[in-house]
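K.L.:
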Amino acid sequence: MALDETTVREIASLARLHITDAEMEKYRSDLSNILDLVAQMENHDTSGIKPMTHPLDAVLRFRTDEVTENDQRSKFQALAPNSENGLYLVPKVID
Amino acid sequence: MTLKTLTQLSSLLGSGEISSLELTQDYLHRISQSDLNAFITVDEAMALQQARAADAQRAAGDNGILLGVPVAHKDIFCIEGMKTTCGSKMLDSFVAPYTATVIANMNQHGLVTLGKTNMDEFAMGSSNESSYYGNVANPWGDSSKKLVPGGSSGGSAAAVAAQIAPAATGTDTGGSIRQPAAFCNLTGVKPTYGRCSRYGMVAFASSLDQAGPIAHSAEDAALMLNSMTGFDHRDSTSLELPAEDFSAELDTPLQGLKIGLPDEFFGDGLDPEIATLVEAAVKQYEAMGAVIKRVSLPNSELALPSYYVIAPAEASSNLSRFDGVRYGHRSEQHDDLVEMYMRTRAEGFGAEVKRRIMIGTYALSSGYYDAYYAQAQKLRRIIANDFNRVFEECDVIMGPTTPSTAFAEGGKSDDPVAMYLNDIYTIPANLAGLPAASIPVGFNSDNLPAGLHLMCPHLQEARLLNIAHQFQQETDWHLKPAPAAWVSGDE
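Those protein sequences? They're chains V and E, same order as listed.
The numbering of the first sequence is the working numbering, which starts it at 24 and goes up by one.
The numbering of the second sequence is the working numbering, which starts it at 1110 and goes up by one.
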């Protein structure tokens, strides 16, 4: 299934990936080829079949609603590229 | 030259012939001399400290079967205080603040960490050619003809095949333990989905990922699996089952074993030499008392397209956490938050990861979700149902692990779809959550190894390992060392 450049730019934007003009054609072509592989499944009749999200159809466990974790914020924030006073610092969002 | 299995090393440690310190020093030395690029991080001080602690424990009366045995871990498992990179520039600076449950379990059994092995970036690949840290060489190739070790657990497989680590952990989402095991003449096992905790194992495709061992034999793999598995309340998909000894059935005779051979696994695209080796193996099993049945998994050709929707879709969600905010790489050029995200991710991820994130994003996007993701999940159930039907008349399903033997570096890296075809026989077990293994089945006319693929019903790992072990009692393919493997006396 052939994707056009506009669609690839939209996907890249949704995925928060910057693609340069030089890279565009290779990604467009590769993604189109992958979708050709995937196309084999499109017309297969799946009426009445329930989607399988878990191979053993397991359901999520519940636990008692009580606090069990310790505050390790400073340990985890030590990994951050930029943080201060317990906050992660990021560039401002421009409208 | 004989190769040392985990089982043999355990015995030497147990009898006192060698200490964990000596053993660990020996393997650390081998690693430092190796040019396969199998390791990303080696912390010698930490390894030696763990080895000394194991020797002290043994002196105090502990005689656990894995106490003091050194192993390597795929760099997808978090180990507190160690760099955990997933083969990616995105995590080049990431020092894990906690340890994965699988690793913690193995540490409890006294295993020593030699280092973190190289891998395809974020576990996406079948050749270990997409790592930020460079390619890994297969010790079955040579300097004039570099071959891939398979992937994504290429570093783990190369290290074990080269005998610079006795065994290693890997992860398998579409074949990433079994395919490198086949390319490197090793025994690789992917257990039933949920057997090993995924807590601390960086997620690629959450409904498919499973940790497992890469070792020289089924006997070794059983020991490793015993130390890796177990219920973990921190993984919501962890199976709540009593502890099991996967070595318990190794010696059960195979008389009456029903082996299913699916027609669909022996069609076009399979290297005829591999087909011949697999057919010979099946004859061997018949001689051991097994009964062979031709069966059909009619929806097999839907496995690859379903997988290449489900896995990228789940990956696109899992990798959305890599945004430069809380850990990992952050781009320096940006004017605003969205640009920071876009450039951070463009700089931090390689091409294959970006391709899969984009396919996944597309498959989940509004207007396409039903046609792609929902459809793939329904096909997944159809494929799983085929297995349930076949397992009503068979105890195990066999076939080749891969359509070809190890290929040359660069041979498929230009064509993503050609690369994806490597996993055609391994993917169904991930979709259905079945325990599966690859074991050595012989060599082609170029002296390259091939793998026999086995699948059992859910939770039958002990049986799977028994079926593999019995073959390894009758054959010695798995004991043949790689041409570039470490030889005692090497400097």
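Where is the CB? At the ideal position from N, CA and C, for every residue including glycine.
Counting pairs of Cβ atoms below 8 Å between the region 1328-1342 of chain E and the region 1113-1128 of chain E, do you hit three or more?
P.N.:
yes
K.L.:
Three or more C-beta pairs closer than 8 Å, one from the region 1389-1401 of chain E and one from the region 1465-1472 of chain E: is that the case here?
P.N.:
When C-beta atoms of the region 1389-1401 of chain E are compared with those of the region 1465-1472 of chain E, fewer than three pairs fall below 8 Å, so the two segments do not count as touching.
K.L.:
Could you tell me which uninterrupted alpha helix (DSSP H) segments, each at least 4 residues in length, are contained entirely in the region 1243-1330 of chain E, listed from first to last along the chain?
P.N.:
1263-1270, 1287-1292
K.L.:
For E/G1508, which three-state DSSP category applies?
P.N.:
Against the second sequence, residue 1508 of chain E aligns to sequence position 399. The answer is strand: DSSP assigns E/G1508 an E or B state.
K.L.:
Quick check: what's the CA-CA separation for E/G1437 versus E/I1185?
P.N.:
As a working mapping, residue 1437 of chain E is identified with position 328 in the second sequence. As a working mapping, residue 1185 of chain E is identified with position 76 in the second sequence. So the alpha carbons of these two residues sit roughly 14 Å apart.
K.L.:
Could you list the residues in the region 1190-1214 of chain E with a C-beta less than 8 Å from some C-beta on chain V, going in chain order?
P.N.:
Only those residues of the region 1190-1214 of chain E whose C-beta falls short of 8 Å from the nearest C-beta of chain V are listed: F1203, V1204, P1206.
K.L.:
Over what stretch of residues does the alpha helix (DSSP H) that includes V/T30 continue unbroken?
P.N.:
Taking the first residue of the first sequence as 1, we reach residue 30 of chain V at position 7. Taken as a continuous stretch (DSSP letters only), the alpha helix (DSSP H) holding V/T30 covers 28-37.
K.L.:
Should E/M1110 be flagged as near chain V, meaning a C-beta pair shorter than 9 Å?
P.N.:
Position 1 of the second sequence, counted from the first residue, corresponds to residue 1110 of chain E. With a pLDDT of only 48 at E/M1110, under the threshold of 50, the placement of this residue in the model should not be trusted, and no figure is reported.
K.L.:
Does chain V have any CB closer than 9 Å to the CB of E/I1536?
P.N.:
The residue you call residue 1536 of chain E lines up with position 427 of the second sequence. With 9 Å as the cut-off, E/I1536 does not count as an interface residue toward chain V.
K.L.:
Answer with buried or exposed for E/M1228, where buried requires no fewer than 16 other C-beta atoms within 10 angstroms of its C-beta.
P.N.:
As a position in the second sequence, residue 1228 of chain E is number 119, starting the count at 1. By the 10 Å Cβ count, E/M1228 comes out buried.
K.L.:
Could you work out which residues of chain E lie near V/M75, taking near to mean beta carbons separated by less than 7 Å?
P.N.:
Taking the first residue of the first sequence as 1, we reach residue 75 of chain V at position 52. Among the residues of chain E, those whose CB is under 7 Å from the CB of V/M75 are Q1486, R1489, R1490, A1493, following chain order.
K.L.:
Quick check on V/E65 - is its C-beta less than 9 Å from some C-beta in chain E?
P.N.:
Residue numbering aside, residue 65 of chain V sits at position 42 when the first sequence is read from its first letter. Yes, V/E65 lies at the interface with chain E (some Cβ there is under 9 Å from its Cβ).
K.L.:
Quick one, are the C-beta atoms of E/L1601 and E/R1489 less than 9 Å apart?
P.N.:
Residue coverage of chain E in this structure runs from 1110 to 1600, which leaves residue 1601 of chain E outside it and unanswerable.
K.L.:
Output yes if chain V places a C-beta closer than 9 Å to the C-beta of E/D1432; else output no.
P.N.:
Stepping through the second sequence from its first residue, residue 1432 of chain E is reached at position 323. Yes, contact with chain V.
K.L.:
Rounded to whole angstroms, what is the Cα-Cα separation between V/I34 and E/G1519?
P.N.:
Translated into the one-based positions of the first sequence, residue 34 of chain V becomes position 11. Translated into the one-based positions of the second sequence, residue 1519 of chain E becomes position 410. Using only the alpha carbons, I get a separation of about 28 Å.
K.L.:
Looking at the C-beta of V/V90, does it have a partner C-beta in chain E at a distance below 9 Å?
P.N.:
Reading the first sequence from its first residue, position 67 is the one you call residue 90 of chain V. Not closer than 9 Å to any Cβ of chain E, the Cβ of V/V90 fails to qualify, so no.
K.L.:
Please determine if the region 1239-1257 of chain E and the region 1151-1163 of chain E are in contact, where contact requires at least 3 C-beta pairs separated by less than 8 Å.
P.N.:
no
K.L.:
Within 8 Å, do at least three Cβ pairs link the region 1416-1426 of chain E to the region 79-99 of chain V?
P.N.:
no
K.L.:
Looking only at its chain, what residues have a beta carbon closer than 6 Å to the beta carbon of E/P1566, apart from the 5 residues adjacent to it on each side?
P.N.:
Mapped onto the second sequence, residue 1566 of chain E falls at position 457. Closer than 6 Å at Cβ, skipping near neighbours: F1500.
K.L.:
The alpha helix (DSSP H) spanning E/T1133 covers which residue range?
P.N.:
Within the second sequence, numbered from 1, the residue matching residue 1133 of chain E stands at position 24. First-last of the alpha helix (DSSP H) with E/T1133: 1129-1142.
K.L.:
Measure from the C-beta of V/D44 to each C-beta in chain E and report whether the shortest distance is under 9 Å.
P.N.:
Translated into positions along the first sequence, residue 44 of chain V becomes position 21. Judged by the 9 Å Cβ criterion, V/D44 is not in contact with chain E.
K.L.:
Quick one: list the residues of chain E neighbouring V/A38, beta-carbon separation under 7 Å, in chain order.
P.N.:
Along the first sequence, one-based indexing puts residue 38 of chain V at 15. The answer, in chain order, is S1425, I1466, M1467, T1470.
K.L.:
Could you give the distance in angstroms between the alpha-carbon of V/D59 and the alpha-carbon of E/I1419?
P.N.:
Against the first sequence, residue 59 of chain V aligns to sequence position 36. Against the second sequence, residue 1419 of chain E aligns to sequence position 310. One C-alpha to the other measures close to 15 Å.
K.L.:
Counting pairs of beta carbons, one from the region 1271-1278 of chain E and one from the region 1524-1539 of chain E, are three or more of them closer than 8 Å?
P.N.:
no
K.L.:
Could you check which residue in E/A1485, E/D1360, E/S1475 has the C-alpha nearest to that of E/Q1581?
P.N.:
Residue mapping note: residue 1581 of chain E aligns to position 472 of the second sequence, counting from 1. The candidate whose alpha carbon is nearest that of E/Q1581 is E/D1360.
K.L.:
Using 10 angstroms around the beta-carbon of V/Y111, count the other beta-carbons present and answer buried if the total reaches 16, otherwise exposed.
P.N.:
Residue numbering aside, residue 111 of chain V sits at position 88 when the first sequence is read from its first letter. Counting Cβ neighbours within 10 Å, V/Y111 comes out exposed, since fewer than 16 surround it.
K.L.:
Is the CB of E/L1359 under 9 Å away from at least one CB in chain V?
P.N.:
Taking the first residue of the second sequence as position 1, residue 1359 of chain E is located at position 250. False, the Cβ-Cβ gap to chain V never drops below 9 Å.
K.L.:
Bridge partners of V/Y111, per DSSP?
P.N.:
Translated into the one-based positions of the first sequence, residue 111 of chain V becomes position 88. Partner residues in the beta bridge of V/Y111, as assigned by DSSP, are V/S106.
K.L.:
How should E/Q1569 be labelled, buried or exposed, when 16 other C-beta atoms within 10 angstroms of its C-beta is the threshold for buried?
P.N.:
Walking along the second sequence from the start, residue 1569 of chain E turns up at place 460. So E/Q1569 ends up on the buried side.
K.L.:
For E/P1179, which beta-bridge partners are listed by DSSP?
P.N.:
Walking along the second sequence from the start, residue 1179 of chain E turns up at place 70. BP columns for E/P1179 point to E/V1221.
K.L.:
Does any residue of chain V have a CB that is nearer than 9 Å to the CB of E/A1314?
P.N.:
As a position in the second sequence, residue 1314 of chain E is number 205, starting the count at 1. Using a Cβ-Cβ cut-off of 9 Å, E/A1314 does not count as an interface residue toward chain V, since no Cβ of chain V sits closer than that to its own.
K.L.:
Taking the beta strand (DSSP E) that E/R1403 belongs to, which residues open and close that run?
P.N.:
Here residue 1403 of chain E corresponds to residue number 294 of the second sequence, with the count starting at 1. Residues 1400-1404.
K.L.:
Which value, in whole angstroms, describes the spacing of the CA atoms of E/F1355 and E/G1303?
P.N.:
For the purposes of this step, residue 1355 of chain E is identified with residue 246 of the second sequence, where counting begins at 1. For the purposes of this step, residue 1303 of chain E is identified with residue 194 of the second sequence, where counting begins at 1. When rounded, the distance between both Cα atoms is 15 Å.
K.L.:
Scan the region 1345-1377 of chain E for residues whose Cβ lies nearer than 7 Å to a Cβ of chain V and list them as they occur along the chain.
P.N.:
S1345, T1346
K.L.:
Between E/D1445 and chain V, is any beta-carbon pair separated by less than 9 Å?
P.N.:
The residue given as residue 1445 of chain E occupies position 336 in the second sequence. Judged by the 9 Å Cβ criterion, E/D1445 is in contact with chain V.
K.L.:
Indicate the three-state DSSP secondary structure (helix, strand or coil) for E/T1470 in the structure shown.
P.N.:
Counting from 1 along the second sequence, the entry for residue 1470 of chain E is found at position 361. Helix.
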